[in-house]
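Only one structure is covered here, and it is reproduced in the block below.
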Amino acid sequence: TVGAVAVDSAGHVAAATSTGGLTGKRWGRVGDSPLIGAGTYADDRAAAVSCTGAGEFFIRLGVAHEICARIRLTGLSVDDAAREMIAELGVMGGKGGLIAVGPDGVGTWNFNTPGMYRGRVSSHRQAEVAIYGDE
Amino acid sequence: MTGWTLVIHGGSGSMTRGVLSTADDNAGRAGLAAALDAGGDILRGGGSALDAVEAAVRVMEDDPVFNAGRGSVFTAEGRIECDAAIMDGSGRTAGAVAGVRTTRHPVSLAREVMTNSAHVFLAGAGADSFARAHGVEAAEPAWFETVERRRQLDEILANPDAPFDSGMKYG
Numbered sequence: 354t355v356g357a358v359a360v361d362s363a364g365h366v367a368a369a370t371s372t373g374g375l376t377g378k379r380w381g382r383v384g385d386s387p388l389i390g391a392g393t394y395a396d397d398r399a400a401a402v403s404c405t406g407a408g409e410f411f412i413r414l415g416v417a418h419e420i421c422a423r424i425r426l427t428g429l430s431v432d433d434a435a436r437e438m439i440a441e442l443g444v445m446g447g448k449g450g451l452i453a454v455g456p457d458g459v460g461t462w463n464f465n466t467p468g469m470y471r472g473r474v475s476s477h478r479q480a481e482v483a484i485y486g487d488e
Numbered sequence: 331m332t333g334w335t336l337v338i339h340g341g342s343g344s345m346t347r348g349v350l351s352t353a354d355d356n357a358g359r360a361g362l363a364a365a366l367d368a369g370g371d372i373l374r375g376g377g378s379a380l381d382a383v384e385a386a387v388r389v390m391e392d393d394p395v396f397n398a399g400r401g402s403v404f405t406a407e408g409r410i411e412c413d414a415a416i417m418d419g420s421g422r423t424a425g426a427v428a429g430v431r432t433t434r435h436p437v438s439l440a441r442e443v444m445t446n447s448a449h450v451f452l453a454g455a456g457a458d459s460f461a462r463a464h465g466v467e468a469a470e471p472a473w474f475e476t477v478e479r480r481r482q483l484d485e486i487l488a489n490p491d492a493p494f495d496s497g498m499k500y501g
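The listed protein sequences correspond, in order, to chains A and B.
Each step along the first sequence adds one to the number in the working numbering, with nothing skipped, and position 134 is 487.
Each step along the second sequence adds one to the number in the working numbering, with nothing skipped, and position 161 is 491.
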């Protein structure tokens, strides 16, 4: 699974996710990536979110929309909302990660797996990429 | 707001130091950097977040390192079925596709659904037909297939206790 979230110089946010799914999937199994609100969501009032991992858990929690709702309704930061949802995912036994960015330009990632391919760049930050959890 | 930010991911899973070969580690980092370049150039030039996320994801869909587009994992039946979504925060418009087999960039098909259809989500052969009718670039199934993903499928099918990659070994 791959994804991208961005905020542009006009303050608009967007999210995109694309995947081949899980190796060995059967019966037309679809995970969270294409489900708006589960693996992909964007709302200028809150954030843009793209998720990766055990899709069934992201679907049940509605992770991408829930992050945006917590930011919009409680004033939570993007970072804290992302952290809360990955923690909640873990409590349910789910594994995975997500990236998020707010209209204020704060970008974040959070995951509970050993690694996640990830990267970020901004108008005030050099490009950086990472794979392992301890980077 | 004058600044811009792009964040990307290429999948999460059990990749740890020593599990990934140096070559795979380097290939992953190079693929991520290329996606950041593609999306970052658009934002740096004043372009939209929507164009930036589509451009970054298209780069990763073409990169066999990542499980999307070319380099996708196989279904138990030995096929490749791709899913994708895109959403614009300014109007909360969205497009999504699932189970597409013959469209080179599923994320661009999702955007076409968002922009030029009355729907949000199309699935299966219908979604591929919509792609052909709207001139979204096609690709033969062979374009998506890689030897490594075929090996991973064979490995999983050889172990009936793990009927699919529930442990996300392949992220």
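The beta carbon of each residue, even a glycine, is placed where N, CA and C say it ideally should be.
In this text the structure is predicted, and so the values were computed from the model without any measurement.
*asked:* Using a Cβ-Cβ distance cut-off of 8 Å, determine whether A:V360 contacts chain B.
replied: At least one C-beta of chain B is nearer than 8 Å to the C-beta of A:V360.
*In the DSSP assignment, find the unbroken alpha helix (DSSP H) run with B:I486 in it and report its ends.*
It spans 477-487 - the alpha helix (DSSP H) in which B:I486 sits, taken as one unbroken run.
*Close beta carbons around B:A440, own chain, < 7 Å, minus the five adjacent residues each side*: Excluding residues within five positions, the ones whose Cβ falls inside 7 Å are A414, A415, I416, G425, A426, V427.
*List the residues of chain B whose Cβ lies closer than 8 Å to the Cβ of A:S475, in chain order.*
G333, W334, T335, L336
*asked:* Using a Cβ-Cβ distance cut-off of 8 Å, determine whether A:S371 contacts chain B.
replied: Closer than 8 Å to some Cβ of chain B, the Cβ of A:S371 qualifies, so yes.
*Identify, in the order they occur along the chain, each residue of the same chain with its Cβ nearer than 6 Å to the Cβ of B:I338, setting aside the five sequence neighbours on each side.*
A365, A386
*Which residue or residues does DSSP assign as beta-bridge partners of A:I389?*
A:T393
_B:E442: first and last residue of the uninterrupted beta strand (DSSP E) it sits in_ = Counting along the chain, B:E442 falls outside any beta strand (DSSP E), though it belongs to the alpha helix (DSSP H) covering 436-446.
*For the segment 415-461 of chain A, list the alpha helix (DSSP H) runs that are entirely contained and at least 4 residues long, ordered along the chain.*
416-427, 431-444
*Could you name the residues of chain B that A:F411 contacts, counting a contact when the two beta carbons are closer than 9 Å?*
In chain order: nothing, as chain B lies at least about 11 Å away.
*C-alpha distance - A:L426 paired with A:A435, whole-angstrom precision*: 15 Å
*Name the DSSP bridge partner or partners of A:A369?*
A:A357, B:I416
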